[in-house]
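Peer 1: Every number in this note's numbering is 1 more than the matching position in the sequence shown, counting from 1.
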Amino acid sequence: MTAHPPHTPPFRDPHLPFAKRIDDLLSRLTLDEKTGFLHQFAPAVERLGISAFRTGQEALHGVAWMGPATVFPQAVGLGATWNTDLVRRIGEAVSKEVRAMRARDDRVGLNIWAPTVNLLRHPLWGRNEEGYSEDPKLTSAIATAYTQGLRGDHPTYWRTAPVLKHWLAHNNETDRATSSSSVRPRVLHEYDLRAFRETVEAGAVAGVMPAYNLVNGRPNHVSPYLREHLRAWTDEELLVCSDAGAPSNLVDHEHYFDTHEEATAASLRAGVDSFTDHGTDSSQMVGRIREAYEQGLLTEADIDTAVRRQLSVRFRLGEFDPHADPHAGVKDFDTPEHRALAQEAAEQAIVLLRNDGVLPLAPGTRLAVVGLLADECKRDWYSGTLIHRSTPLEGLYERFGAERVEFAEGVDRVRLKTSAGTFLHVLAAEDGEDEVRGAEGALDPALLAGRTDLPPLTTDVTGTEFALIDWGEGVLTLRAPDGRYLSVAEDGYLRASADQPGGWVVQETFRLEPHASGHLLRHIGTGRHVTVAADGVKVADDNAETFELIIAERGEDAVTRVTSEADVVLVVAGNDPHINGRETEDRASLRLPAHQERLLRAARAANPRTVLALVSAYPYAVDTSDLAAVLWTAHGGQAAGTALARVLAGDVSPAGRLPQTWYENDADLPGLLDYDVIGSRQTYLYFEGTPLFPFGHGLSYTSFSYGDLTSRVTEGTLHVSFAITNTGDVTADEVAQLYTRAVDPALPRPRRELVAHRRVTLAPGAREELTFEVPLRAFEFWDVTQGRPRLEPGPYELLAGASSEDIRLRTTVLLDGEPGAPRPVLQRGLDGADFDEQSGVEIVDRTRTAGDAVTAGEGGTGQLVYRDCDFGDGVSEVTVTVAGEGTVELSLDGGTVLAVLQVEASESGPYDYTTLGAGIVAEGVHDVHLGLRGPLRLAHVGFSG
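As structure tokens, this is what we get:
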């Protein structure tokens, strides 16, 4: 007899289209099996030979949370490169390391939760380090490059599947799970959606992650925009993964729904396909989905839709075609090419902000290097474990020779004296106790416990001298002489045990609180004070110890000692990415922490040839007027120190450019929760003040001339060209930037707006002609009178230059478009959120599922203006669709009040709308002014004759 091969089910047939294969697999799965797929940790289905799968592998600038990996510069640093080719190559390297690491450890996932495309609207946002830019065009360009690298270039199979974070209008950590971003339609379409849209349309995105916050009163996890916008941008199935714990937040913190079953069903119907909640325990979320199904809140078709989207990603990743997957054998990990790429990225991310000629450093320069970050190579929350590391000091030793470099960190050296007259003392650790927390890798490093294998602190008559650093806002770290930071483990004892501050709740930070004749030492992570007990020093709720701070040396004294005889002083200042500005914590100010300002002043007083290198995840407001030079770089990953040394030495000419505006002081900033970039004149697009350094700014060691600007319009595209020539004597990169500006707009438009850019390398005397094709839709704005984009006809200025303020060439083009018209209020009325101007008003949800309304803000009163409303031959009645209680007052052109419509208090809910009417007389075109009083919601205003 002849043996026949077993039947191959269609979902295993690589010759069939993915859609047919998914149809077949769905038909074979039971409802319980499909429901199980909806949690982040989807179980295996052994009867069908289907493996377990998890969504979510962090890889923002290298593989994170899984142990050693190549660490590239922070995302904001990648944005500062303005180099899409470089970032695409980084994406390729990261995705190859993901594949190589997965071959060794199947906990490493292929569904990448990166990049972050939230716009860096506000520089005090704690997660500034995760985004690329304040500008949507630059953000989408860099994000597209990274996703293309992560995806790979195979037409069928993806190397990894990137998910964009965090949908939508998410720029605050303060109350991030309960705050609502009030986003008017123009800001929504012209700003917040754009970075997502252009990246998704490029075709290398597998999904998005909704953010914790609400937008216009509605949680992002039930946002209708997922369906109305996101899924309309592509024919690909997109997988929407919830943020961690966000499904439960809908009930537990936001109180948007009464039950978890209602919330889960609403999220699934809105478009969330994978629920990240309760860690690896899927039972609670799966139980909620099952109960929602049994209550009739969900159908099996709803579940199928979500499972289909997940399976689409898994098929694209080659899971069901292991023999055909071209990425299955990738082993590229920590290769020489990846190390060189990390250094190239770190070099290209450095921005020269100011230079009086001291840079590049002359050969033979005697250098004093000082500052709290001079000998640091910092990681952030989304970093991998460093295999290689290079601090600025190490890089300078290597480049200039240790004999020509003097160093002073600038810490305050202190001892802590107890009320009994003894001092805190660190016992010597036994040999071999040198493990690094987090090096072993963890799916969630927040679960890593502090070390308890080292002896707790004790007291003795001499004590230990600690390095005290004040990181600002009174937040301190204390470091022992062996380099370990004081930390508190779960048992409550203080130990010198941490290689760096870190963790979801940082256990290495303290506050000194004045008390009696000394200070209490509060541990910030636990909120408890330090106490001295017979069995060691620990934190407790009572018996707080009063310490006297004995200062052995001020940091500025150490700085002065090494700087006065140097040819040049380099001050390396900045932030620790786990302290004062990080996920869960916004910054309070743009100012450099006082401790570091002291060091900078001391260096400058001792030596006028002082260079400041800022290494930080965000902008600072620093007085640079008396500094010889200033540079900025984000935390640059494993090659940061080498890169900085090479730029200082002139081996590389700096060509990074600022990806966001650097403001002069806090007074220039809007409120952190003010998302109206148009109305409050935010970012370089609308800011009317003088920045410390403008968007796109960055200097070079050479000079470039611009010329021969030409433009023409053909078939919906503006063609622009101009030439750049390196007029200096150094080979260097230039970042050519093209901006546009509406010359005579009818409505507020950007002062200038980036539409294209290119980073090019030119040898001395070399000339290159650059050409750009700009789609005319880049000139459109969102016309609230028609609910769609519109190109306003008229003159537009084209501006080519080296930054948003350093414009070298300009010309004007006349574009055809669609003329504006008054609002046809007789036909359409006025939707509450379609205002032109507002004061004291917030946008809220009209219902739980769709639509917007407006309400007065915290003060209980608000004003709205709707320009150019056409009443035709006349109207005699106005109606308002409102809920809640309060009054609506209507006037025309700011004149007397013509109608007052009052909603009486009732027991109805916030979505129980009623329509009220009043008589008015109006004809022709007028501006409509509405005054809101009280906690009412206004959805719509209608007019009739």
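Glycine included, each C-beta is placed from N, C-alpha and C at the ideal position.
Alpha carbon to alpha carbon, how far is T459 from G493? Give it in angstroms, no decimals.
Peer 2: Sequence index remark: in the sequence shown, residue 493 carries index 492 (1-based). Sequence index remark: in the sequence shown, residue 459 carries index 458 (1-based). Each residue's alpha carbon lies about 14 Å from the other.
Peer 1: Here's the rule I'm using: 16 or more other beta-carbon atoms within 10 Å means buried, otherwise exposed. How should G439 be labelled?
Peer 2: The residue you call residue 439 lines up with position 438 of the sequence shown. Unreliable positioning characterises G439 in this predicted model, as indicated by a pLDDT of 46, which lies under 50. The coordinate reading is nonetheless provided below. Buried: at least 16 other Cβ atoms inside 10 Å.
Peer 1: Three or more beta-carbon pairs under 8 Å between the segment 39-56 and the segment 152-161, yes or no?
Peer 2: No contact exists between the segment 39-56 and the segment 152-161.
Peer 1: Closest by CA to P947, which one among E191, G80 and E135?
Peer 2: Nothing can be reported for residue 947, as the shown portion of the chain is limited to 2 through 946.
Peer 1: Measuring CB to CB, does E135 end up less than 8 Å from F696?
Peer 2: For the purposes of this step, residue 135 is identified with residue 134 of the sequence shown, where counting begins at 1. For the purposes of this step, residue 696 is identified with residue 695 of the sequence shown, where counting begins at 1. In contact: E135 and F696 (Cβ atoms closer than 8 Å).
Peer 1: Looking at the unbroken alpha helix (DSSP H) that takes in Y133, where does it start and where does it end?
Peer 2: One-based indexing of the sequence shown puts residue 133 at position 132. Counting along the chain, Y133 falls outside any alpha helix (DSSP H), and DSSP gives it neither H nor E.
Peer 1: Distance, Cα to Cα, A737 vs G127?
Peer 2: Numbered from its first residue, the sequence shown carries residue 737 at position 736. Numbered from its first residue, the sequence shown carries residue 127 at position 126. So the two alpha carbons sit approximately 30 Å from each other.
Peer 1: On the criterion of 16 or more Cβ atoms from any shown chain inside 10 Å, does H62 qualify as buried, or is it exposed?
Peer 2: Residue numbering aside, residue 62 sits at position 61 when the sequence shown is read from its first letter. H62 is buried by the Cβ-count criterion.
Peer 1: Give, in chain order, every unbroken run of the beta strand (DSSP E) that is at least 3 residues long and sits entirely within the segment 211-267.
Peer 2: The segment 211-267 contains no whole beta strand (DSSP E) run of 3 or more residues.
Peer 1: Do you know whose CA, among E174, Q149 and L215, lies nearest T200's CA?
Peer 2: Here the question's residue 200 lines up with position 199 in the sequence shown. Nearest of E174, Q149 and L215 to T200, Cα basis: Q149.
Peer 1: CA-CA distance, A622 and E514?
Peer 2: Your numbering for residue 622 matches position 621 in the sequence shown. Your numbering for residue 514 matches position 513 in the sequence shown. So the two alpha carbons sit approximately 27 Å from each other.
Peer 1: Is there contact here, the segment 346-355 with the segment 635-653, by at least three beta-carbon pairs under 8 Å?
Peer 2: Touching, yes.
Peer 1: Note the first and the last residue of the continuous beta strand (DSSP E) segment covering E514.
Peer 2: Walking along the sequence shown from the start, residue 514 turns up at place 513. Note, E514: beta strand (DSSP E), F511 to H516.
Peer 1: Measuring alpha carbon to alpha carbon, tell me which residue in E769, A656, E546 and E557 is nearest L354.
Peer 2: Numbered from its first residue, the sequence shown carries residue 354 at position 353. Nearest of E769, A656, E546 and E557 to L354, Cα basis: A656.
Peer 1: Given this structure, state the Cα-to-Cα distance separating Q839 from L194, to the nearest angstrom.
Peer 2: Looking up residue 839 in the sequence shown gives position 838. Looking up residue 194 in the sequence shown gives position 193. If I take the Cα positions, the gap works out to 21 Å.
Peer 1: Looking at the strands, I want to know which residues DSSP matches up with G920.
Peer 2: If you number the sequence shown from 1, residue 920 lands on position 919. E878, per the DSSP bridge assignment.
Peer 1: Identify which residue in L30, V184 and A724 has its Cα closest to the Cα of V842.
Peer 2: As a working mapping, residue 842 is identified with position 841 in the sequence shown. Measuring from the Cα of V842, the nearest candidate turns out to be V184.
Peer 1: Go ahead and label R750 buried or exposed: buried means 16 or more other beta carbons lie within 10 angstroms of its beta carbon, across all protein chains shown.
Peer 2: If you number the sequence shown from 1, residue 750 lands on position 749. When all chains shown are included, R750 counts as buried.
Peer 1: Please classify R610: is it buried, with 16 or more other beta-carbons within 10 angstroms of its beta-carbon, or exposed?
Peer 2: Numbered from its first residue, the sequence shown carries residue 610 at position 609. R610 should be labelled buried.
Peer 1: To the nearest angstrom, how far is it from the Cα of L479 to the Cα of Y867?
Peer 2: Against the sequence shown, residue 479 aligns to sequence position 478. Against the sequence shown, residue 867 aligns to sequence position 866. Approximately 57 Å, taken between the alpha carbons.
Peer 1: Tell me whether the segment 90-101 and the segment 327-337 touch, counting them as touching only if at least three CB pairs, one residue from each stretch, are closer than 8 Å.
Peer 2: Flag = yes, the segment 90-101 and the segment 327-337 touch.
Peer 1: At which residue ranges does the segment 471-497 contain complete beta strand (DSSP E) runs of 3 or more residues, listed in the order of the chain?
Peer 2: The segment 471-497 contains these whole beta strand (DSSP E) runs: 477-480 and 486-489.
Peer 1: Is there contact here, the segment 244-252 with the segment 271-283, by at least three beta-carbon pairs under 8 Å?
Peer 2: Flag = yes, the segment 244-252 and the segment 271-283 touch.
Peer 1: Quick check on DSSP: helix, strand or coil for S28?
Peer 2: Position 27 of the sequence shown, counted from the first residue, corresponds to residue 28. Reduced to three states, the DSSP call for S28 is helix.
Peer 1: So what's K539 in DSSP terms, helix, strand or just coil?
Peer 2: Along the sequence shown, one-based indexing puts residue 539 at 538. Strand.
Peer 1: What residues in its chain sit with their C-beta under 6 Å from that of L360, if we drop five residues either side in the sequence?
Peer 2: In the sequence shown, residue 360 corresponds to position 359, counting from 1. Same-chain partners within the cutoff: A630.
Peer 1: Do you know offhand how far N576's Cα is from A421's?
Peer 2: As a working note, residue 576 is residue 575 in the sequence shown. As a working note, residue 421 is residue 420 in the sequence shown. Using only the alpha carbons, I get a separation of about 36 Å.
Peer 1: How is the beta strand (DSSP E) around D192 delimited, first residue to last?
Peer 2: Stepping through the sequence shown from its first residue, residue 192 is reached at position 191. It is Tyr, not Asp, that sits at residue 192 in the sequence shown. Note, Y192: premise wrong, no beta strand (DSSP E); not H, not E.
Peer 1: Tell me whether T728 is buried or exposed, calling it buried when 16 or more other Cβ atoms sit within 10 Å of its Cβ.
Peer 2: Locating residue 728 in the sequence shown gives position 727, where the first residue counts as 1. By the 10 Å Cβ count, T728 comes out exposed.
Peer 1: Based on the DSSP secondary-structure assignment, which residues constitute the bridge partners of T772?
Peer 2: In the sequence shown, the residue the question calls residue 772 occupies position 771. Looking at the DSSP assignment, T772 forms a beta bridge with S722.
Peer 1: Rounding to the nearest angstrom, what Cα-Cα distance links Q501 and D381 in this structure?
Peer 2: Mapped onto the sequence shown, residue 501 falls at position 500. Mapped onto the sequence shown, residue 381 falls at position 380. Cα-Cα distance, rounded: 10 Å.
Peer 1: Within a Cβ cutoff of 6 Å, which residues of the same chain sit near P456, ignoring the five residues on either side of it in sequence?
Peer 2: Working through the sequence shown from its first residue, we reach residue 456 at position 455. Correct list, in chain order: L428.
Peer 1: For H8 and W114, what's the separation of their Cα atoms in angstroms?
Peer 2: Against the sequence shown, residue 8 aligns to sequence position 7. Against the sequence shown, residue 114 aligns to sequence position 113. Straight-line Cα distance between these residues: approximately 37 Å.
Peer 1: Closer than 6 Å by C-beta to P69: which residues in its own chain qualify, once you throw out the five before and the five after it? Chain order, please.
Peer 2: One-based indexing of the sequence shown puts residue 69 at position 68. Only T386 and I388 meet the Cβ criterion.
Peer 1: Got a sec? Which residues, its chain only, sit under 7 Å from D322 by beta carbon, not counting five neighbours each side?
Peer 2: Residue mapping note: residue 322 aligns to position 321 of the sequence shown, counting from 1. These residues qualify, in order along the chain: P15.
Peer 1: How should A375 be labelled, buried or exposed, when 16 other C-beta atoms within 10 angstroms of its C-beta is the threshold for buried?
Peer 2: Counted from its first residue, the sequence shown places residue 375 at position 374. By the neighbour-count rule (16 or more Cβ atoms within 10 Å), A375 is buried.
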